[in-house]
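Number 123 in our numbering belongs to position 123 of the sequence shown; there are no gaps in the numbering.
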Amino acid sequence: MTNEAKESLKENQAAGQEETVISQEEEAAEAQAGQEEAQAQGSDELSEAKAKIEELEAKLSDTENRMYRLQADLDNFRRRARLDMESAQKYRSQNLITDILPALDNFERALKIDTDDEKTQSLLQGMDMVYRQLIQALQNEGAEAIQAEGQPFDPHLHQAVMQVEDENFEAGTVIEEFQKGYKLKDRIIRPAMVKVNQ
């Protein structure tokens, strides 16, 4: 082999080594660019996934809040319905009692009649028994007469239809009851009509 051929071979080997080094550097650069691109792509996908998670968490939170509000509304509805049922049960006889009160007033007026006639007295005794049975039936339903005479005037219980000045009574005291008042449990059905001392 001649010197020229040897030198040519050396040059070719050196060029091949340079090409190998250059191609390895290019491959490394391409690999790094690919990694950076993959990282950028992964970063974009991660950002999208995080945004989707945040959106879903917001929807979940909104749905939970709506569920809690609906549950509270349902609980309130149930409580109102129960209270309405209890009230309806408690005051179920109010209309009947209100309708019976004028008849009771008439019984009381009739029983105040003073007579010496035996037949009339016998009739009044029978009326008194019926009157007491009606009063007992009203009490069984929770209705009772409002105490008025001698009591301090209470505008929730009494309706003043007359005022007088009497030194024998304290001011603001009910002197006389013209018509009985009634209440059903804790509800006033009819206030007592009274005369009040000033």
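For glycine and all other residues, C-beta sits at the position ideal for the given N, C-alpha and C. Fair warning: this is a prediction, and the values are worked out from it, not measured in the lab.
Member of the options whose CA lies at the smallest distance from the CA of residue i
{"i": "L157", "options": "Q179, Q163, E170 and A171", "result": "Q179"}
{"i": "V161", "options": "Q147, L184, V196 and Q151", "result": "V196"}
{"i": "S93", "options": "V194, K183 and N65", "result": "K183"}
{"i": "V194", "options": "R187, I188 and G172", "result": "G172"}
{"i": "E165", "options": "P191, Q198 and Q133", "result": "Q198"}
{"i": "A192", "options": "D117, D116, L101 and Q89", "result": "L101"}
{"i": "R187", "options": "E108, K90, S47 and V130", "result": "K90"}
{"i": "N106", "options": "K119, L124 and E118", "result": "L124"}
{"i": "D99", "options": "L134, Y68, Q35 and A81", "result": "L134"}
Contacting residues, own chain, Cβ-Cβ under 7 Å from residue i (five flanking each side not counted)
{"i": "E149", "result": "V174, E176 and E177"}
{"i": "G142", "result": "L184 and K185"}
{"i": "L70", "result": "none"}
{"i": "R66", "result": "none"}
{"i": "D128", "result": "L111"}
{"i": "L138", "result": "I97"}
In DSSP terms, what residue i is bridged to
{"i": "L184", "result": "A143 and R187"}
{"i": "M162", "result": "K195"}
{"i": "E64", "result": "Per DSSP, none; premise fails for E64."}
{"i": "E177", "result": "V194"}
{"i": "P152", "result": "T173"}
Alpha-carbon spacing of residue i relative to residue j, whole angstroms
{"i": "E57", "j": "A49", "result": "12 Å"}
{"i": "I97", "j": "N168", "result": "36 Å"}
{"i": "F153", "j": "E144", "result": "18 Å"}
{"i": "T63", "j": "F77", "result": "21 Å"}
{"i": "Q151", "j": "Q163", "result": "15 Å"}
{"i": "E26", "j": "D44", "result": "26 Å"}
{"i": "R79", "j": "A72", "result": "10 Å"}
{"i": "E54", "j": "D75", "result": "31 Å"}
{"i": "Q147", "j": "G181", "result": "8 Å"}
{"i": "N95", "j": "R190", "result": "12 Å"}
{"i": "D117", "j": "L104", "result": "23 Å"}
{"i": "D84", "j": "R109", "result": "38 Å"}
{"i": "N140", "j": "P155", "result": "26 Å"}
{"i": "E170", "j": "Q159", "result": "18 Å"}
{"i": "Y68", "j": "R82", "result": "21 Å"}
{"i": "Q32", "j": "L60", "result": "41 Å"}
{"i": "E37", "j": "A51", "result": "21 Å"}
Residues near residue i by beta carbon distance below 8 Å, same chain, minus five either side
{"i": "Q121", "result": "T115"}
{"i": "V130", "result": "F107"}
Same chain only: Cβ atoms within 6 Å of residue i, ignoring 5 sequence neighbours per side
{"i": "E30", "result": "none"}
{"i": "A88", "result": "none"}
Practice problem: Run through the region 62-111 for me and flag every whole alpha helix (DSSP H) of 4 or more residues, listed as ranges in chain order. | Solution: 94-111
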